[in-house]
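Novice: Right, I'll just put the structure down here and ask away after.
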Amino acid sequence: MDSSSVLSDEDYDVISNGQRSLESSIADLHHIPALTTYELPPSNAAKERFSTVALSPADIQAYVRAVVDASGPGRYPRDNRTVRVYVDGIFDVLNAGHALQLRQAKFSFPSVHLIVGVLSDEQCRAHNAIPRFSHTERCELIRHCRWVDEVLFDAPWTVNDRFIIEKRIDYLALEEGSSVNPEFDKERLKGYDEIKKLGRVLPTRRTLGLTAVPYTHSEETTPFQEHSGSVSRIVEKTDTGETGD
């Protein structure tokens with residue numbers, strides 16, 4: 001065997017030299033059985049306090065199946081298929097509510113490839129939602145969440161059908177009540193409504209019992225600073241429980 005044969009990558013999977021991510025390619029291997037996800041049991045205190053902690057994977061999947069079946073016959077994915085589910089948000093700061101929503105998204109089908117899009121600092125500032133932590137730090141927090149399979153660093157502020165097709169997303173997970181939340185960004189809601197018309201939105205149940213961080217108009221915090229220059233002080237809004245934010 002000559003050196004050229006040893007160094008050749010002809011025997012390797014084509015994804016090695018492709019433009020798609022490894023995670024994205026793995027999600028296409030639908031013939032591979034889903035791995036069983038081991039989960040540490042929650043404490044009794046958590047089950048008593050948070051409304052969604054006690055939901056089992058079977059509970060979550062039964063709820064999702066009812067929603068999907070209601071949208072039309074034959075739409076529920078076959079059992080051996082890995083379903084690509086997308087969640088987006090600011091995630092500033094990642095809390096128990098976010099983690100429990102991501103858990104619901106991950107367990108929405110027997111086999112899920114969960115993609116999480118983190119909205120950029122520039123997008124947040126443009127929509128008067130200045131984060132306390134930088135985009136880099138928020139992405140890193142999401143990357144370390146056990147339920148997440150892929151982080152989308154350049155997530156769009158508003159999703160549309162083109163984005164869904166481009167990223168091969170089967171469903172977008174959205175917290176129940178978001179569409180009637182007056183604090184939710186209207187531009188983002190328009191995008192979700194467009195995807196909902198396609199029958200591609202899954203509701204996740206809202207977690208009750210989370211600690212509300214009280215911010216008043218007299219309280220101010222300084223947002224992060226990634227470059228030199230003055231930073232204006234801003235007034236933080238009360239946490240509304242908006243999906244992913």
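According to the UniProt record's numbering, the sequence shown holds residues 1 to 245 in order. All C-beta atoms, glycine included, are put in the ideal place defined by N, C-alpha and C. Fair warning: this is a prediction, and the values are worked out from it, not measured in the lab.
Quick check: what's the CA-CA separation for Leu198 versus Leu40?
Specialist: As a first step, residue 198 must be located in the sequence shown, where it is residue number 198. As a first step, residue 40 must be located in the sequence shown, where it is residue number 40. Roughly 36 Å between the two C-alpha positions.
Novice: Please report the distance separating the alpha-carbon of Tyr38 from that of Tyr86.
Specialist: Numbered from its first residue, the sequence shown carries residue 38 at position 38. Numbered from its first residue, the sequence shown carries residue 86 at position 86. Using only the alpha carbons, I get a separation of about 22 Å.
Novice: Rounded to whole angstroms, what is the Cα-Cα separation between His113 and Asp149?
Specialist: The sequence position of residue 113 within the sequence shown is 113, counting from 1. The sequence position of residue 149 within the sequence shown is 149, counting from 1. Straight-line spacing of the CA atoms in His113 and Asp149 works out to 6 Å.
Novice: Taking the alpha carbon of Ile165 as the reference point, which residue from Arg84, Val64, Ala173, Pro57 has its own alpha carbon closest?
Specialist: The sequence position of residue 165 within the sequence shown is 165, counting from 1. Nearest of Arg84, Val64, Ala173, Pro57 to Ile165, Cα basis: Arg84.
Novice: Can you give me the C-alpha to C-alpha distance between Gly97 and Arg206, rounded to a whole angstrom?
Specialist: The sequence position of residue 97 within the sequence shown is 97, counting from 1. The sequence position of residue 206 within the sequence shown is 206, counting from 1. Taking the straight line from one Cα to the other gives about 8 Å.
Novice: Are three or more beta carbon pairs between the stretch 65 to 74 and the stretch 132 to 146 nearer than 8 Å?
Specialist: no
Novice: Would you please state the rounded distance, in angstroms, between the beta carbons of Ala99 and Cys145? I believe it to be under 8 Å.
Specialist: Stepping through the sequence shown from its first residue, residue 99 is reached at position 99. Stepping through the sequence shown from its first residue, residue 145 is reached at position 145. Confirmed, about 6 Å.
Novice: Taking the DSSP output, what are the residues bridged to His113?
Specialist: Sequence index remark: in the sequence shown, residue 113 carries index 113 (1-based). Paired residues: Arg84.
Novice: Distance check for Gly209 and Phe107, CA to CA, integer angstroms please.
Specialist: By 1-based counting over the sequence shown, the position of residue 107 is 107. By 1-based counting over the sequence shown, the position of residue 209 is 209. Those two C-alpha atoms are separated by around 21 Å.
Novice: Go to Thr204, then tell me how far its beta strand (DSSP E) extends in each direction, as first and last residue.
Specialist: On the sequence shown, position 204 is the one that residue 204 refers to. 201 to 204 is the extent of the beta strand (DSSP E) around Thr204.
Novice: Report the residue from Ala54, Pro110, Leu202, Gln61 whose alpha carbon sits nearest the alpha carbon of Gly177.
Specialist: For this step, residue 177 is matched to residue 177 along the sequence shown. The shortest Cα separation from Gly177 among Ala54, Pro110, Leu202, Gln61 belongs to Leu202.
Novice: Of all the options Ala105, Val118, Trp157, Arg78, which has the alpha carbon lying nearest to the alpha carbon of Trp147?
Specialist: Taking the sequence shown and counting its residues from 1, the one referred to as residue 147 is at position 147. Trp147 has its Cα closest to that of Ala105, out of Ala105, Val118, Trp157, Arg78.
Novice: Which residues does DSSP list as the beta-bridge partners of Gly72?
Specialist: Numbered from 1 along the sequence shown, position 72 holds the residue referred to as residue 72. BP columns for Gly72 are empty, so no partner.
Novice: Could you pull out every residue in the same chain whose Cβ sits closer than 6 Å to the Cβ of Pro42, ignoring the five residues on either side in sequence?
Specialist: In the sequence shown, counting from the first residue as 1, residue 42 sits at position 42. For Pro42, where only same-chain residues beyond five positions count, the Cβ hits under 6 Å are Val53.
Novice: Could you say which of Ala62, Asp59, Asp88 lies nearest to Gly191 if we only look at CA atoms?
Specialist: Counting from one through the sequence shown, the residue named residue 191 turns up at place 191. Residue Asp88 is the option with its Cα nearest to Gly191.
Novice: What would DSSP say about Ala96, mapped onto helix, strand or coil?
Specialist: Reading the sequence shown from its first residue, position 96 is the one you call residue 96. Helix.
Novice: Got a sec? Which residues, its chain only, sit under 7 Å from Ile60 by beta carbon, not counting five neighbours each side?
Specialist: Counting from one through the sequence shown, the residue named residue 60 turns up at place 60. Gln104, Phe107, Ser108.
Novice: Enumerate in chain order the residues of its own chain whose CB-to-CB distance from Val118 is below 8 Å, with the five nearest sequence positions on each side excluded.
Specialist: Numbered from 1 along the sequence shown, position 118 holds the residue referred to as residue 118. Asp88, Gly89, Ile90, Phe91, His135, Arg138, Cys139, Ile142, Val151, Leu152, Phe153, Ala155.
Novice: How long is the line joining the alpha carbons of Val93 and Asn181, rounded to whole angstroms?
Specialist: Taking the sequence shown and counting its residues from 1, one reaches residue 93 at position 93. Taking the sequence shown and counting its residues from 1, one reaches residue 181 at position 181. If I take the Cα positions, the gap works out to 19 Å.
Novice: Taking DSSP as the reference, what is the three-state secondary structure of Leu119?
Specialist: One-based indexing of the sequence shown puts residue 119 at position 119. DSSP places Leu119 in the coil class of the three-state scheme, outside both helix and strand.
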